[in-house]
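>
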């Protein structure tokens, strides 16, 4: 079964707006990762946040982690049309380091 | 950053034939590689963990005789889809674990398989 579930499933916004995606997971984790996938392409690792971190930034990306709620959010600020992609959260499961992926959020940024 | 390549990028084959997909870590050694499968608009599902010099570990429900995995070197893992059927058509993505430095997974660009 899937560990992480992203919300919303799809998001459509205008360029310049912020995009927020959420991820909920079921069991305790050591870290949570966010990935990006352009249509028909491989995954690009965006950011890893560890269980003892609450917030992390990378450029226009801001990730938060709330272990008490078993949830994480990915915020993309000042979105661009090039940010159009699917975004996945992934968490290791069952004591393994192998990440399990959610279904992803499909983001469309209109120019 | 670490780069993982896959070959081919896409392949179309006839039912009943076998297809081999290669996954290479270009600038690091990977004792462990992973093979995922992704259907359109779906998540990545882990198929198997490929370990250099030993047998692959398959996830529940994945037929090991149909999806042959070979990890003969520290930079190459291959997935062979044997006797392919149209339902095997999918996007196959590999990843390689940098177990020496970063302990991060690096993903390949994927291979689109279409079985006619």
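Protein chains in written order, with the working numbering: chain A, 1 to 111; chain B, 1 to 116.
From the three backbone atoms N, C-alpha and C, an ideal C-beta is built for every residue, glycine too.
Compare the C-beta of residue 109 of chain B with all C-beta atoms of chain A and state if any pair is closer than 8 Å.
Here residue 109 of chain B refers to the residue found at position 109 of the second chain. Chain A contact via Cβ: present.
> Assuming residue 101 of chain A is part of the beta strand (DSSP E), what are its boundary residues?
For the purposes of this step, residue 101 of chain A is identified with residue 101 of the first chain, where counting begins at 1. Run containing residue 101 of chain A: 99-101, per the beta strand (DSSP E) assignment.
> How many whole angstroms separate the CB atoms of residue 115 of chain B and residue 88 of chain B, which I take to be in contact at a CB cut-off of 8 Å?
Against the second chain, residue 115 of chain B aligns to sequence position 115. Against the second chain, residue 88 of chain B aligns to sequence position 88. Right, their Cβ atoms sit about 5 Å apart.
> Given a limit of 9 Å on CB to CB distance, which residues of the stretch 37-56 of chain B reach chain A?
Listed by position along the chain: 38, 41, 42, 43, 44, 45, 46, 49.
> Short of 7 Å in beta carbon distance, which residues of its chain neighbour residue 60 of chain A, apart from the five on each side in sequence? Order them along the chain.
Residue numbering aside, residue 60 of chain A sits at position 60 when the first chain is read from its first letter. So the list reads 76, 77, 78, once near-sequence residues are dropped.
> Can a CB atom of chain A be found closer than 8 Å to the CB of residue 93 of chain B?
Mapped onto the second chain, residue 93 of chain B falls at position 93. Yes, because at least one Cβ of chain A sits closer than 8 Å to the Cβ of residue 93 of chain B.
> Among B:84, B:60, B:34, which one has its Cα closest to the Cα of residue 70 of chain B?
As a first step, residue 70 of chain B is located in the second chain; it is residue number 70 there, counting from the start. Closest by alpha carbon: B:34.
> Give the DSSP-derived three-state secondary structure of residue 15 of chain A in the structure shown.
Working through the first chain from its first residue, we reach residue 15 of chain A at position 15. Coil, per DSSP.
> Against residue 112 of chain B, what residues of chain A qualify as contacts under a CB-to-CB distance less than 8 Å, listed in chain order?
Stepping through the second chain from its first residue, residue 112 of chain B is reached at position 112. Within 8 Å Cβ-Cβ: 40.
> What does residue 104 of chain B reach in chain A if we use C-beta pairs closer than 8 Å?
One-based indexing of the second chain puts residue 104 of chain B at position 104. Those within 8 Å of residue 104 of chain B in chain A are 45, 48.
> Could you check the C-alpha separation between residue 19 of chain A and residue 98 of chain A for me, to the nearest Å?
For this step, residue 19 of chain A is matched to residue 19 along the first chain. For this step, residue 98 of chain A is matched to residue 98 along the first chain. Going by the C-alpha atoms only, they are around 27 Å apart.
> State yes or no: is the beta carbon of residue 2 of chain A nearer than 8 Å to at least one beta carbon in chain B?
Position 2 of the first chain holds residue 2 of chain A. Model confidence at residue 2 of chain A stands at a pLDDT of 49, short of 50, so the residue's coordinates are unreliable; what they give is reported in the following sentence. So yes, residue 2 of chain A belongs to the interface.
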